[in-house]
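If you're matching positions, the sequence shown starts at 1 in the UniProt record's numbering and goes up one per residue. Note that the Cβ used here is the ideal one computed from N, Cα and C, for glycine as well.
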Amino acid sequence: MVPGRVGVSEALGERPARLGIGKVLDELRPDFPELTLSKLRYLETEGLVEPERTAAGYRKYSYDDVERLRFVLRMQKEKFWPLSHIRQVLDEIDRGAMPEIDDPALFVPEVAVGEDGLPTVETFAEGRGSTRLTRDELLEAAGIDDAMLSEIEGFQLIRRRPHQRFYSRDDLQIAALVGKMAGLGIEPRHLRGFRAAADRESALLDQAIPRGSRSNPQSATQLIELAATMVRLHAVLVRGELRG
1 MVPGRVGVSE
11 ALGERPARLG
21 IGKVLDELRP
31 DFPELTLSKL
41 RYLETEGLVE
51 PERTAAGYRK
61 YSYDDVERLR
71 FVLRMQKEKF
81 WPLSHIRQVL
91 DEIDRGAMPE
101 IDDPALFVPE
111 VAVGEDGLPT
121 VETFAEGRGS
131 TRLTRDELLE
141 AAGIDDAMLS
151 EIEGFQLIRR
161 RPHQRFYSRD
171 DLQIAALVGK
181 MAGLGIEPRH
191 LRGFRAAADR
201 ESALLDQAIP
211 RGSRSNPQSA
221 TQLIELAATM
231 VRLHAVLVRG
241 ELRG
């Protein structure tokens with residue numbers, strides 16, 4: 001289904017049922033198990049959907065809004081479309097155009113950040129999903145060459161198990177970010193400290209919330225909250241040094 005501002009039920013003059021944000025989450029979670037309330041709010045702030053508001057300020061979504069969100073999430077998950085591109089496609093649909101949906105081009109997934117530009121819980125709530133990229137697909141999507149990827153792997157920025165054939169969503173993001181840094185003069189060999197720091201931070205998380213307890217939903221939530229807070233602290237410390 002291609003979403004539009006005006007759905008069939010509205011075109012026929014029938015007012016569809018309105019759903020609260022919790023019900024919308026229930027509608028979408030079977031297809032997107034890692035979806036969170038914060039993600040739904042974030043998509044609204046990015047202008048992808050505009051739910052009605054009650055006099056008390058509560059969000060009320062139509063079923064057309066739900067299908068619009070389903071489209072956004074599917075394009076992110078399956079095609080790695082950035083929100084800016086999805087917004088452009090939706091704008092074309094709203095104007096009555098029929099944009100090309102089956103574009104085979106791969107995009108690098110966006111790293112979720114908050115309104116202040118810093119990492120959030122949503123950054124860590126994003127799962128690896130079913131992303132499976134070949135080496136050639138990763139190179140094309142990340143915009144790097146084979147030699148660069150070999151360096152990235154050599155310095156353990158991307159870690160792969162023996163005989164692992166495919167690359168993940170995280171691998172693609174790492175490759176693209178390292179490639180961007182290389183364009184700014186920072187080579188993969190300069191980034192070994194990043195891997196060491198990530199390992200130390202992961203070990204600290206293991207101490208706070210042991211891996212054996214993470215199947216518990218409360219522990220899993222605490223884990224991503226703590227991880228997001230740690231990375232936000234790191235970002236603010238670096239920002240402070242730059243301003244100093």
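Where M98 is concerned, there is no enclosing alpha helix (DSSP H), because DSSP gives it neither an H nor an E. Contact check for K60 against P51 passes: the beta carbons are separated by less than 8 Å. Taking C-beta atoms as the reference points, L138 and L149 count as a pair closer than 8 Å. When secondary structure is reduced to three states using DSSP, E52 falls in the strand class. The beta-bridge partner set that DSSP reports for R59 consists of R53. Selection Q156, I152, D170, D31 evaluated against A182 yields I152 as nearest (Cα-Cα).
In this structure, DSSP gives L133 an extended state, which the three-state scheme calls strand. Of the candidates V236, D206, A235, H234, the residue whose Cα lies closest to the Cα of Q222 is D206. Closest in alpha carbon position to D145, among I93, P33, P188, is P188. Proximity of the stretch 16-27 to the stretch 64-76 meets the contact definition, three or more beta-carbon pairs being nearer than 8 Å. Straight across, the Cα-Cα distance linking G96 with L83 is about 20 Å. Per the coordinates, the alpha-carbon of R87 lies some 10 Å from the alpha-carbon of I93. Per DSSP, reduced to three states, the secondary structure at L242 is helical.
Restricted to the stretch 158-190, the alpha helix (DSSP H) segments that are unbroken, complete and at least 4 residues in length are 169-183, listed in chain order. In this structure, F155 and L191 form a Cβ contact; the two beta carbons are roughly 7 Å apart against a cut-off of 8 Å. For I21, the enclosing alpha helix (DSSP H) stretches over residues 21-28.
Below 8 Å, too few C-beta pairs join the stretch 164-173 and the stretch 209-216 to call them touching: fewer than three.
Close CB contacts of G179 within its chain, under the 7 Å cut and outside five residues either way in sequence, are with A142, G143, I144, M148 (chain order). Separation of Y42 and N216 (C-alpha to C-alpha, rounded to the nearest whole angstrom) is 26 Å. Closest option to D199, judged by alpha-carbon separation, among R214, Q218, A227: A227.
A176 and K79 have their C-alpha atoms spaced approximately 16 Å apart.
Between the C-alpha atoms of R159 and R195 there is a straight-line separation of about 10 Å.
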